[in-house]
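Take a look at the structure set out below.
2 protein chains.
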Amino acid sequence: MRNGPDIAATAALIGDPARAAMLSALMDGHALTATELAAEGGVTPQTASAHLAKLERGGLLARARQGRHSYFRLASADVAQVLEALMTLSHGTGPRRTRPGPRDAALRVARVCYNHLAGAEGVALFEALRGGGALRKDDDILRITDRMRPALAPLGVDPAALPGQSAMCRTCLDWSERRHHLAGRLGRAILSAMEAKAWVRRDPASRAVVILPKGRIGIDRVIGLAAANAI
Amino acid sequence: MRNGPDIAATAALIGDPARAAMLSALMDGHALTATELAAEGGVTPQTASAHLAKLERGGLLARARQGRHSYFRLASADVAQVLEALMTLSHGTGPRRTRPGPRDAALRVARVCYNHLAGAEGVALFEALRGGGALRKDDDILRITDRMRPALAPLGVDPAALPGQSAMCRTCLDWSERRHHLAGRLGRAILSAMEAKAWVRRDPASRAVVILPKGRIGIDRVIGLAAANAI
DNA sequence: TACATGTTTCGGTCACGGTCGAACCATGCG
DNA sequence: CGCATGGTTCGACCGTGACCGAAACATGTA
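These protein sequences, in sequence, are chains Z and V.
So the mapping is simple: the numbering used here equals the position in the first sequence, first residue as 1, plus 3.
So the mapping is simple: the numbering used here equals the position in the second sequence, first residue as 1, plus 3.
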């Protein structure tokens, strides 16, 4: 009837409560097994299996078989983008699933988005890097300048040494802040380094990220270094 | 079961083929009547009425009653954002509804996105304005500089004189180009001016925008003026 | 006032898809 | 080799929701 891609099919896949819960659970970037996702969706393993097969065929999930386990993760960052956009839109409208409690507040401060840092802390870091000239946007493409390396020195992240061929830097629209934060290979590396250095700890039960005392100092230092360049 | 907004309900609304077609039809920013939308969705007016009521209650559409007509439009730019994100994701995957024909090509060159110009032309214009310093991104917020006015002189658009209190400039991720183009009050004004000056003509049957000869010259001139500043 | 057109409501049909119980396959382990 | 566990397939059930015909309602027009 109309031209363009088939939106309805994709949206319908996300439109089932069980599947939406599974997808949301995978927003933290971790891969989960089929049974774990069944629990997330509140359905039996058989039902979950059918759902997961659909999501895979629909291009929303990628499956990795390991032994007798099937690990699922979001198929691409584009999927996460759609989910975040839907959260932005659904936010406020409709009955809130749970009233905003302390966990909700924690999510706003810092959380995992796919595989990088989101929330107020993520946005603050991104804007400090941009303001200090460590990131520049040319032709709408984010580029790293030579100011990035010193700024990230406390973290021990060297942008030039990151493996992979996917996009180094991407922006990702933040659900709670409605501003951008840093995604892509560099965003992932920064979050990994923060975890490895025990700056932050991920709440295993949600997407929340807790800033540890050492991390508070460290993050402020990185932000300071990045912004200091601005002069 | 989970925290966060209720994605599933919103996605399910978009997940019906008839409703998805209606929403896509409204992506051009125009308001359409219930019967027109029924035709877009390929359903009878009764069925369309039920769909439209749901979409309105779900916060996706806004209704304006005028006489015996009900005019519907997208409720917010956030809705358009979700739709474009879904197009980005669904693009390529799944069975193409129609094989890419001439109309599809026209859509990639220039089309209407909500109420502003998208496609290759939209992206080119945006990037020229950015590259020439007419737009600057500070703290991830787009700002207009004093170079904007001369660049837009051929169009007769004065950014300072635009009414309204919504965001002046916004970026919008382009479905076909996967890069940004200009949205917001200014984006809308530019497209309006192009139409008023007969630079472009909108295909009434699709979102395609046809560049007229006079417009070809004019747009190239604006891009040239914007980029010339870059030196 | 009568009529035409656009829209909505009502009632009833029907198909699709989510769900689970039970059984089946595959892998790892003792 | 047998058992346990994770995952999938099959079959059957059932509720939801899309759909349309008919009719009611609203508004503009002759």
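The C-beta atom is built at its ideal place from N, Cα and C for all residues, glycine as well.
Owing to the predicted nature of the structure, the values given are computational and were not obtained by experimental measurement.
- Please check the pair residue 131 of chain V and residue 123 of chain V, which I expect to be a contact at CB under 8 Å, by giving their CB distance rounded to whole angstroms. About 12 Å separates the two Cβ atoms, so there is no contact after all.
- Item | residue 119 of chain Z to residue 110 of chain V span [Cα, whole Å] | 34 Å
- Could you work out which residues of chain Z lie near residue 20 of chain V, taking near to mean beta carbons separated by less than 7 Å? 11
- Task: Taking only the alpha-carbon atoms, compute the straight-line gap between residue 126 of chain V and residue 116 of chain V and give it to the nearest angstrom.
- Result: Taken atom to atom, the span from the alpha-carbon of residue 126 of chain V to that of residue 116 of chain V is near 12 Å.
- For the alpha helix (DSSP H) containing residue 11 of chain V, list its first residue and its last residue. 10-17
- Message: When you compare the CB of residue 137 of chain Z with every CB in chain V, is at least one pair closer than 9 Å?
- Response: no
- Pull up the distance between the alpha-carbon of residue 52 of chain Z and that of residue 17 of chain Z, whole angstroms please. 15 Å
- Kindly indicate if chain Z contains any beta-carbon less than 9 Å away from that of residue 51 of chain V. no
- Between which two residues does the alpha helix (DSSP H) harbouring residue 52 of chain Z extend? Looking at the DSSP string, the run of the alpha helix (DSSP H) that includes residue 52 of chain Z is 48-60.
- Message: Tell me whether residue 226 of chain Z, by its Cβ, gets closer than 8 Å to a heavy atom of the ligand HEM.
- Response: Because no ligand of any kind appears in the structure shown, any question about the ligand HEM cannot be addressed here.
- Item | Anticipated Cβ contact below 8 Å, residue 150 of chain Z with residue 137 of chain Z, distance rounded | Right, the Cβ-Cβ distance comes to about 4 Å (below 8 Å), so this counts as a contact.
- Buried versus exposed call for residue 10 of chain V [16 or more other C-beta atoms within 10 Å across all chains shown]: buried
- Query: Residues in its own chain within less than 6 Å of residue 96 of chain Z by CB, not counting five upstream and five downstream?
  - Reply: With a pLDDT of 47 at residue 96 of chain Z, under the threshold of 50, the predicted position of this residue should be treated as unreliable, though the coordinate-derived value follows. If we look at residue 96 of chain Z and ignore the five residues flanking it on each side, it has no Cβ neighbours.
- Message: Rounded to the nearest angstrom, what separates residue 225 of chain V and residue 166 of chain V at their Cα positions?
- Response: 22 Å
- Residues of chain Z with a CB under 7 Å from the CB of residue 23 of chain V: which are they? 10, 11, 14
- Query: Name the chain Z residues that come within less than 8 Å of residue 81 of chain V, Cβ to Cβ?
  - Reply: The contacting residues are 88, 91, 92.
- Item | residue 32 of chain V beta carbon less than 9 Å from that of residue 191 of chain V | yes
- Task: Kindly indicate if chain V contains any beta-carbon less than 9 Å away from that of residue 26 of chain Z.
- Result: At a cut-off of 9 Å between C-beta atoms, residue 26 of chain Z counts as an interface residue with respect to chain V.
- Identify whether residue 215 of chain V lies in helix, strand or coil by the three-state DSSP scheme. coil
- Give the residues of chain V in contact with residue 84 of chain Z, contact being defined as C-beta atoms less than 7 Å apart. 88
- Message: Using only the alpha-carbon positions, how far apart do residue 2 of chain V and residue 55 of chain V sit?
- Response: Beyond the ends of chain V as shown, which are 4 and 234, falls residue 2 of chain V; an answer cannot be given.
- Query: In chain V, which residues lie less than 8 Å from residue 217 of chain Z when you measure between Cβ atoms?
  - Reply: Going along chain V, no residue has its Cβ under 8 Å from residue 217 of chain Z, so there is no contact; the nearest lies around 27 Å.
- Message: So, for residue 19 of chain V: in the same chain, excluding its five sequence neighbours on each side, which residues have a beta-carbon less than 8 Å away from its beta-carbon?
- Response: Excluding sequence neighbours, residue 19 of chain V sits near 54.
- Show which residues of chain V have a CB atom less than 7 Å away from the CB atom of residue 140 of chain Z. 140
- Residue interval of the beta strand (DSSP E) (run including residue 121 of chain V): 119-121
- Item | Contact set between residue 193 of chain V and chain Z, taken where Cβ atoms lie within less than 7 Å | Near residue 193 of chain V there are no residues of chain Z at all, since even the closest Cβ is about 17 Å away, more than 7 Å.
- Query: Applying the criterion that 16 or more other CB atoms from any shown protein chain within 10 Å of the CB defines a buried residue, is residue 69 of chain Z buried or exposed?
  - Reply: exposed
- Message: Residues of the stretch 220-232 of chain V in Cβ contact with chain Z at a cutoff of 7 Å, in chain order, please.
- Response: Listed in sequence order: no entries.
- Member of Z:209, Z:217, Z:227 whose CA lies at the smallest distance from the CA of residue 273 of chain Z: Lying outside 4 to 234, the shown extent of chain Z, residue 273 of chain Z is not represented and no answer is given.
- Message: One question on the structure: do residue 217 of chain Z and residue 159 of chain Z come within less than 9 Å of each other, judged by their Cβ atoms?
- Response: no
- Nearest-angstrom Cα distance between residue 41 of chain V and residue 48 of chain V? 5 Å
- Neighbourhood of residue 63 of chain V by C-beta, 8 Å cutoff - its chain only, sequence neighbours within 5 removed: 13, 16, 17, 26, 77, 78, 82.
- Candidates Z:66, Z:212, Z:231, Z:71: which alpha carbon is nearest residue 155 of chain Z's? Z:231
- Going by Cα to Cα distance, which pick from Z:92, Z:88, Z:37 is closest to residue 71 of chain Z? Z:37
- Query: In chain order, what residues of the same chain lie with their CB nearer than 6 Å to the CB of residue 228 of chain Z, ignoring the 5 residues before and after it?
  - Reply: So the qualifying residues of the chain are 154.
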